[in-house]
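Colleague: By full-length UniProt numbering, the letter at position 162 of the sequence shown is numbered 162, and the numbering carries on one by one without gaps.
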Amino acid sequence: MNNIYKAHCKGYHDTSLQKMIENYFYSERDRLAGARRILIKPNLLSASIPEKAVTTHPDFVRTVIRILREYTEAELWLGDSPGANFGKYDKVLEVTGMTKVAEETGVHVVRVESFEPVSRGGIVYSSLAEEVDIILNLPKLKTHGLTGMTLAVKNLFGLIPGTAKVGYHRDFPVDTELAAQLYKYFGILGHKTMNIIDGIIGMEGDGPSKGTPVELGIAAASSDAVGLDIAVTRMVGLKDEFCLTTKAAIAAGYDKSHIDVPETNIPLIKKSLSKKVYLPPFLKQLVAKQVYVKPVVLNEKCILCMLCMKSCPVDAIAVINDFPFVDKKKCIECFCCHEVCESDAVGLERSWLHKLVVGK
Ligand code: SF4
Ligand code: SF4
């Protein structure tokens, strides 16, 4: 059984973080020593500065790499596919602090899209995952408008090459279905992962990209990604199944009885307000169409980069009067456009009934 290692840290330089990582790596010392090549996989969703808590903090990644070197002589690669924004990878690496981390530590930066996509059981992902012995998965603890939370299982989504990610949203527009598909995908790569979650500064509210940074002081590690996600979800006071990838894992038979982190009822973080609402079936038919959150482009902030259009899985965005415009009837509320816009030019418009049911 894989242990779950936890630390409460006052910051990224707290010695309790280093001790926790050391204990975790020591428990996996044989695996690390035998590895030929390791992929370090932070969350690099977009070109956001570390203080915004969209991406894994560079100090966290740096500490992990420094300690990792003591346990392995493997070649170290670092890479991710940043949302629909994979075309601006160099900028993402620069702004998130990863270019500097790579220069200082000597890790080799790789691009997910440079490796051929492979397909297994209808699941498409980058063959980069096949080239390494271990995926050292370094997620950022964030709430997520679609999947509740983004933690270790969800972070592997970044190994699906650029445009294929959009296809997942198109083919699985319902959030529980998307989460079930993500868990199926995790079933292919999960055995390769070692996972350390950066929740020292996490994100609450409208994550994964437009929420608010929150000091949580949490870091945790395990080679059981689902168990780790459950532990961390409980540490921030939420129910296990609030994280929809966990819900999918439990539905698929994951046994959580060994997890010793107690459940609490005091949420440390604010949930996403844009999250869709689930109603009893009889009510759903009557009012579901009136409970919605739709994106709206704020022309005054828009820099016409068209990333929103490129990221939309159902072509719901077209240029009208020189600016992107969302066709609300086509929109499936995946929030990809909201996620990728780096100018905060995609706002979220909530229906009056959504405000009534979810709260202001
Ligand atoms: S709304 Fe955002 S993503 Fe879309 S074109 Fe404008 S700036 Fe780019
Ligand atoms: S308009 Fe935005 S939220 Fe709607 S389907 Fe397209 S990308 Fe998703």
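For every residue, glycine included, the Cβ atom is placed at its ideal position computed from N, Cα and C. Being a predicted model, the structure only gives us computed values, none of them experimental.
#1: Can you give me the C-alpha to C-alpha distance between Leu141 and Ala231, rounded to a whole angstrom?
#2: State buried or exposed for Ala252, treating a residue as buried only when at least 16 other CB atoms are found within 10 Å of its CB.
#3: Would DSSP call Asp198 helix, strand or coil?
#4: If we call anything under 8 Å between Cβ atoms a contact, is Leu136 one with Ile40?
#5: Which same chain residues end up closer than 6 Å to Ile317 when comparing Cβ atoms and leaving out the 5 residues on each side of it in sequence?
#6: Below 8 Å between beta carbons: does that hold for Ile259 and Ile67?
#7: DSSP three-state label for Ala221, please.
#8: Am I right that Gly83 and Ser311 are in contact with their C-beta atoms under 8 Å? What's the rounded C-beta distance?
#9: Whether or not the stretch 173-180 and the stretch 109-116 are in contact is what I'm after, with contact meaning three or more pairs of Cβ atoms, one per stretch, closer than 8 Å; do they touch?
#10: Report whether the distance from the Cβ of Pro82 to the nearest heavy atom of ligand 2 is below 7 Å.
#11: Opposite Val326 in the DSSP bridges: which residues?
#12: Just list the alpha helix (DSSP H) runs in the stretch 87-114, keeping only unbroken ones of 4 residues or longer that don't cross its boundaries, in chain order.
#13: Indicate whether Tyr292 and Glu339 have their beta-carbon atoms separated by less than 8 Å.
#14: Pairs of beta-carbons, one from the stretch 189-208 and one from the stretch 216-234, closer than 8 Å: are there three or more?
#15: When DSSP labels each residue in this structure, what does Glu29 get in the three-state scheme?
#16: Decide if Met306 is buried, meaning its Cβ has at least 16 other Cβ atoms within 10 Å, or exposed.
#17: Would you kindly report the start and end of the unbroken alpha helix (DSSP H) that includes Pro42?
#18: Do Thr96 and Leu32 have their CB atoms nearer than 8 Å?
#19: Any idea which residues DSSP pairs Met309 with across the strands?
#20: Candidates Cys302, Glu263, Ile250, Phe335: which alpha carbon is nearest Lys294's?
#21: In whole angstroms, give me the CA-to-CA distance for Ala180 and Ala249.
#22: Just to confirm the assignment, what range does the alpha helix (DSSP H) spanning Arg66 have?
#23: At a cut-off of 7 Å, would you count Ser343 as near ligand 1, judging by its Cβ distance to the nearest heavy atom?
#24: Is it buried or exposed, Thr264, if we count other Cβ atoms within 10 angstroms and call 16 or more buried?
#25: Does the beta-carbon distance from Asp229 to Ala152 come in below 8 Å?
#26: Determine the extent of the alpha helix (DSSP H) in which Lys165 is found, giving its start and end residues.
#27: Do Pro313 and His169 have their CB atoms nearer than 8 Å?
Modeller: On the basis of the coordinates in this document:
#1: Taking the straight line from one Cα to the other gives about 12 Å.
#2: Result: exposed.
#3: Under the three-state reduction of DSSP output, Asp198 falls in the strand class.
#4: Yes, they are a contact pair.
#5: If we look at Ile317 and ignore the five residues flanking it on each side, its Cβ neighbours are Cys308, Met309, Pro324, Val326.
#6: Taking 8 Å as the Cβ cut-off, Ile259 and Ile67 do not qualify as a contacting pair.
#7: Here Ala221 carries a strand assignment [DSSP, helix/strand/coil].
#8: Indeed, because the Cβ distance is near 7 Å, the residues count as touching under 8 Å.
#9: When Cβ pairs closer than 8 Å are counted between the two stretches, the stretch 109-116 is seen not to touch the stretch 173-180, the count staying below three.
#10: Here the distance from the Cβ of Pro82 to the nearest heavy atom of ligand 2 is not below 7 Å.
#11: Its beta-bridge partners are Ile317.
#12: Within the stretch 87-114, complete alpha helix (DSSP H) segments of at least 4 residues are found at 89-95, 98-105, given in chain order.
#13: For Tyr292 and Glu339, no; Cβs fall outside 8 Å.
#14: These segments touch.
#15: What sits at residue 29 in the sequence shown is Arg, not Glu. In the displayed model, Arg29 falls within a helix according to three-state DSSP.
#16: Burial call: exposed.
#17: From DSSP, Pro42 is part of no alpha helix (DSSP H) but of the beta strand (DSSP E) over 37-42.
#18: Not closer than 8 Å, so no.
#19: Paired residues: none, contrary to the question.
#20: Taking only the C-alpha atoms, the option nearest Lys294 is Phe335.
#21: When the Cα atoms are used, Ala180 and Ala249 turn out to be separated by approximately 8 Å.
#22: Residue range 58-68 is occupied by the alpha helix (DSSP H) that includes Arg66.
#23: Checking the Cβ of Ser343 against ligand 1 gives yes.
#24: Thr264 should be labelled exposed.
#25: Contact check for Asp229 against Ala152 passes: the beta carbons are separated by less than 8 Å.
#26: Its alpha helix (DSSP H) spans residues 162-171.
#27: Yes, they are a contact pair.
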